[in-house]
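What follows is a single structure, written as structure tokens, with notes after it.
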Amino acid sequence: MKADLVIIGGGPAGLAAAIEAYENGVESILVLERDRELGGILQQCIHNGFGLHRFKEELTGPEYAERFIENMKEKNIEYKLDTMVLDVTEEKLVTAVNTADGLIQIAAKAVVLAMGCLERTRGAINIPGTRASGVFTAGTAQRYVNMEGYMVGKDVVIVGSGDIGLVMARRMKLEGANVHAVVELMPYSGGLARNIVQCLNDYDIPLLLSHTVTEVRGKERVEEIVIQKVDEAMNLIPGTEQTIQCDTLLLSVGLIPENELSKKANIVLNPLTNGPDVNESMETSVPGIFACGNVVHVHDLVDWVTEESCRAGRSAARYVKETLKSGTGSLNTVPSSGVRYVVPQYIEPENIDTNKLTLMFRTDSVYENARIVLMNNGEKIKTVKKRHMAPAEMESIVLKEKDLAKMSRGEVTVKIEVEEAVRS
Amino acid sequence: MKVHEFTCITCPIGCGLEVTEVTKPEGTTYQVDGNTCKRGEKYAIDELTNPLRMVTTTVQIEGAHLRRIPVKTLEPIPKGEIMACMTELNDVVLEAPVDCGEVIVASVCGTEVPMVTTRSIERV
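Keeping their order, the protein sequence lines are chains A and B. 191 is the number that this note's numbering gives to position 191 of the first sequence; each next residue is one higher, with no gaps. Each number in this note's numbering comes from the position in the second sequence (counting from 1) with 424 added on.
Below you can see the structure in the form of structure tokens.
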């Protein structure tokens, strides 16, 4: 088979990339999705709060997904469900398998990687104890409860206070479970204030900061867990052990971009994001292979996934039409003090067709009354004041044409400067 | 005089709000402190006098590839009605196919707020 553009993944990233590529003149598009329907993880995120930026209204996950699915179907963009991609090569040969077609190979002119991310599991954080059943990642439990119709437990403890953990705390409570606590290793929550209020405070669910789970007990099924306080250096404080009787432990302890296929295509991955290095066009180190969404870096809002994926789709269309300049460009971004990572990693100003480029990044800590400072080869290009920044909320700084005009070949550094007088 | 505490959720800053409720013969007044914008003041008074929440949950569906279909209240309902709303939905069973936005309960818990589906689903 042949296609101008193959998109791997039919979640929010793949859907937006497909629609945008089509609108930019590519008609031969094939979207490959391993699940039995399009929409990705949005289909299990039944709570609302999606689309405030994109659509200026508050949608639930399935509603947000459906807008894109309908749009794609109206355009008759081809897709295959229940289809697992096994391999992608640097030459953009995609190998996939499903029960209808068997093994298929598609020679693509361009590829968009939109595989999303995976949840970290119990093994990733090494929780000691028995291997009793009843330990789930929060997202798996979410799928069971919200789509498949299985209640995962009656007495629940949640580890990790990221948004998925908080949303699942409320969800389990609404479905009749006792949620004993949300346990968070850090001294602050990894979730939005809105979710602390509406998912925990509304239901009197305690949030135990600076605590971790040290043991799972139970023979067949989880019977109890042991939690313990940690000090500032994250060491366990002896004598602070508490046991909680429960039958279920949900883990919301982080997400990892899923890049097994990217590795097969010899794409350069970034150790800070665990996703591919990309340029301003969302193109990876392999010309003609683009990436967008959570496979590049984990987002907290789907609205930004859509925006980034539209850029990838538009760029893939330009690549197919041979109007894109591939490569690492003349500028490379560097995270400096207070900044964990910056996406994109490379910039070719010639490719920027919208007069501006948004650099996305995450801070390493909570900052109040700080400044985002953008430097080019040691020279200050612009400064943006921010009242509040936190690792849980992705930050951005926009490079306008006039900013780019001031820059010369070399490094673009993003850093955080804290004002001297900090408001208490 | 009573003081109530809230965390503002209108933006990511999450200001700690204090509402002082003063009851006088001519009516009750509210003094909001800790807010850094107008929205915070409104949020605090609403949270104290009439807290509202959207309810998003699922109901049973038959004849579809899934056993549950997501639903939501079309408007926020009083916070105190959330669990009653959940109980009311326990008996609802839909039959595929269903469109997104179909009304499944016209007035949930006597609030005059309808409950609607939030996805469409085909018959299998």
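The C-beta atom is built at its ideal place from N, Cα and C for all residues, glycine as well.
Measure from the alpha carbon of residue i to the alpha carbon of each residue in the options, then state which is nearest.
{"i": "Tyr346(A)", "options": "Thr358(A), Gly40(A), Ile205(A) and Asp277(A)", "result": "Asp277(A)"}
{"i": "Ala114(A)", "options": "Ile104(A), Glu57(A), Val197(A) and Glu308(A)", "result": "Glu308(A)"}
{"i": "Gly327(A)", "options": "His299(A), Val286(A) and Ala392(A)", "result": "Val286(A)"}
{"i": "Pro62(A)", "options": "Pro494(B), Glu442(B), Ile485(B) and Lys462(B)", "result": "Pro494(B)"}
{"i": "Leu301(A)", "options": "Ile7(A), Lys2(A) and His53(A)", "result": "His53(A)"}
{"i": "Glu379(A)", "options": "Lys406(A), Leu399(A) and Thr95(A)", "result": "Lys406(A)"}
{"i": "Phe68(A)", "options": "Ser161(A), Val305(A) and Val183(A)", "result": "Val305(A)"}
{"i": "Asn259(A)", "options": "Val253(A), Thr284(A) and Asp247(A)", "result": "Thr284(A)"}
{"i": "Arg36(A)", "options": "Ile416(A), Leu59(A) and Met84(A)", "result": "Met84(A)"}
{"i": "Tyr64(A)", "options": "Gln198(A), Ile158(A), His47(A) and Lys80(A)", "result": "His47(A)"}
{"i": "Lys92(A)", "options": "Ile8(A), Gln142(A), Thr60(A) and Ile289(A)", "result": "Ile289(A)"}
{"i": "Ala520(B)", "options": "Thr460(B), Arg547(B) and Pro436(B)", "result": "Arg547(B)"}
{"i": "Pro257(A)", "options": "Gln105(A), Val159(A) and Ala13(A)", "result": "Ala13(A)"}
{"i": "Ala508(B)", "options": "Leu518(B), Lys426(B), His489(B) and Val479(B)", "result": "Val479(B)"}
From the DSSP secondary-structure annotation, give me the bridge partner or partners of residue i.
{"i": "Ala390(A)", "result": "Answer by DSSP bridge pairing: none, since Ala390(A) is not bridged."}
{"i": "Val495(B)", "result": "Thr481(B) and Thr541(B)"}
{"i": "Thr137(A)", "result": "Leu251(A)"}
{"i": "Lys432(A)", "result": "Chain A is shown from 1 up to 424; residue 432(A) falls before or after that span and cannot be answered."}
{"i": "Arg371(A)", "result": "Lys385(A) and Glu417(A)"}
{"i": "Glu395(A)", "result": "Phe361(A)"}
{"i": "Arg221(A)", "result": "Ser133(A)"}
{"i": "Thr452(B)", "result": "Thr447(B)"}
{"i": "Lys80(A)", "result": "Leu32(A)"}
{"i": "Lys75(A)", "result": "BP columns for Lys75(A) are empty, so no partner."}
{"i": "Tyr346(A)", "result": "Asn279(A) and Asn332(A)"}
{"i": "Phe290(A)", "result": "Val112(A) and Glu283(A)"}
Here's the rule: buried if 16 or more other CB atoms are within 10 angstroms of the residue's CB, otherwise exposed. What is residue i?
{"i": "Thr354(A)", "result": "exposed"}
{"i": "Ser133(A)", "result": "exposed"}
{"i": "Ile77(A)", "result": "buried"}
{"i": "Val414(A)", "result": "buried"}
{"i": "Leu103(A)", "result": "exposed"}
{"i": "Thr447(B)", "result": "exposed"}
{"i": "Glu395(A)", "result": "buried"}
{"i": "Ser365(A)", "result": "exposed"}
{"i": "His211(A)", "result": "buried"}
{"i": "Tyr22(A)", "result": "buried"}
{"i": "Arg171(A)", "result": "buried"}
{"i": "Gly10(A)", "result": "buried"}
{"i": "Thr511(B)", "result": "exposed"}
{"i": "Arg409(A)", "result": "exposed"}
{"i": "Asn514(B)", "result": "exposed"}
{"i": "Cys461(B)", "result": "exposed"}
If I measure Cβ to Cβ from residue i and keep anything under 8 angstroms in the same chain, skipping five residues before and after, which residues do I get?
{"i": "Lys264(A)", "result": "Asp87, Val88 and Thr89"}
{"i": "Ser424(A)", "result": "Legend: pLDDT at Ser424(A) = 40, less than 50; position of this residue unreliable, no value from coordinates given."}
{"i": "Val422(A)", "result": "In this prediction, Val422(A) scores a pLDDT of 45, lower than 50, which makes its location untrustworthy; the coordinate-derived value is nonetheless stated afterwards. Only Glu368 and Asn369 meet the Cβ criterion."}
{"i": "Leu207(A)", "result": "Ser161, Ala181, Val182, Glu184, Ser189, Ile196 and Leu200"}
{"i": "Leu272(A)", "result": "Pro335, Arg340 and Tyr341"}
{"i": "Leu255(A)", "result": "Cys117, Leu118, Glu119, Arg120, Asn294 and Val298"}
{"i": "Glu232(A)", "result": "Pro187"}
{"i": "Arg491(B)", "result": "Gln484 and Ile485"}
{"i": "Ala177(A)", "result": "Met151, Gly153, Lys154, Asp155, Val156 and Thr248"}
Below 6 angstroms CB to CB, which residues in the same chain sit around residue i once its five sequence neighbours on both sides are set aside?
{"i": "Gln242(A)", "result": "Ile227"}
{"i": "Arg318(A)", "result": "Leu324"}
{"i": "Glu526(B)", "result": "Thr541"}
{"i": "Val428(A)", "result": "An answer regarding residue 428(A) cannot be provided, because it is not within the stretch 1 to 424 covered by chain A."}
{"i": "Asp523(B)", "result": "Ser544"}
{"i": "Cys435(A)", "result": "No information on residue 435(A) is available, as it lies outside the stretch 1 to 424 that chain A covers here."}
{"i": "Asn376(A)", "result": "Met407 and Val412"}
{"i": "Lys173(A)", "result": "Val179 and Tyr203"}
Less than 7 angstroms between C-beta atoms, sequence neighbours within five positions excluded: which residues of the same chain meet that for residue i?
{"i": "Val216(A)", "result": "Ile127, Gly129, Thr130, Ala132, Val135, Val222, Ile225 and Leu249"}
{"i": "Leu476(B)", "result": "Pro500, Ile501, Pro502 and Lys503"}
{"i": "Leu426(A)", "result": "Only positions 1 to 424 of chain A appear in the structure, and residue 426(A) is not among them; the question remains open."}
{"i": "Ile397(A)", "result": "Leu359, Ile372, Leu374, Val384 and Val414"}
{"i": "Thr482(B)", "result": "Arg492, Ile493, Pro494 and Val495"}
{"i": "Val6(A)", "result": "Leu30, Leu32, Val94, Ile106, Ala108 and Val111"}
Any heavy atom of the ligand GDP inside 7 angstroms of the beta-carbon of residue i?
{"i": "Ile244(A)", "result": "This structure lacks the ligand GDP, and indeed carries no ligand of any kind."}
Between the region 178-211 of chain A and chain B, which residues of the former have CB atoms less than 8 angstroms from a CB of the latter, in chain order?
Within the region 178-211 of chain A, the qualifying residues are Leu192, Ala193, Arg194, Ile196, Val197, Gln198, Asn201 and Asp202.
Going along the region 380-395 of chain A in order, which residues come within less than 8 angstroms of chain B, judged by CB to CB distance?
For the region 380-395 of chain A, the beta-carbon criterion of a distance under 8 angstroms to any beta-carbon of chain B is satisfied by Arg387, His388, Ala390 and Glu393.
Below 7 angstroms between beta carbons is the criterion; list the residues of the region 485-508 of chain B that meet it against any residue of chain D, in chain order.
In the structure shown, chain D cannot be found, because the protein chains are A and B.
Could you please tell me which residues of the region 56-82 of chain A, in chain order, have their CB closer than 7 angstroms to any CB of chain B?
Thr60, Pro62, Glu63 and Glu66
Tell me which residues of the region 515-536 of chain B have at least one Cβ-Cβ distance to chain A shorter than 9 angstroms, keeping chain order.
Cys524 and Gly525
Going along the chain, which residues of the region 36-53 of chain A sit with their C-beta nearer than 8 angstroms to a C-beta in chain B?
Arg36, Glu37, Gln43, Ile46, His47 and Asn48
Return the residues of the region 140-162 of chain A that lie within a Cβ-Cβ distance of less than 9 angstroms from chain B, sorted by chain order.
Only those residues of the region 140-162 of chain A whose C-beta falls short of 9 angstroms from the nearest C-beta of chain B are listed: Val145, Asn146, Met147, Glu148, Gly149 and Tyr150.
Using a Cβ cut-off of 7 angstroms, which residues of the region 163-174 of chain A contact any Cβ in chain B, in chain order?
Hits within the stretch, in order: Leu174.
Residues of the region 431-451 of chain B with a CB closer than 8 angstroms to any CB of chain A: list them in chain order, please.
Thr431, Cys432, Ile433, Pro436, Ile437 and Gly438
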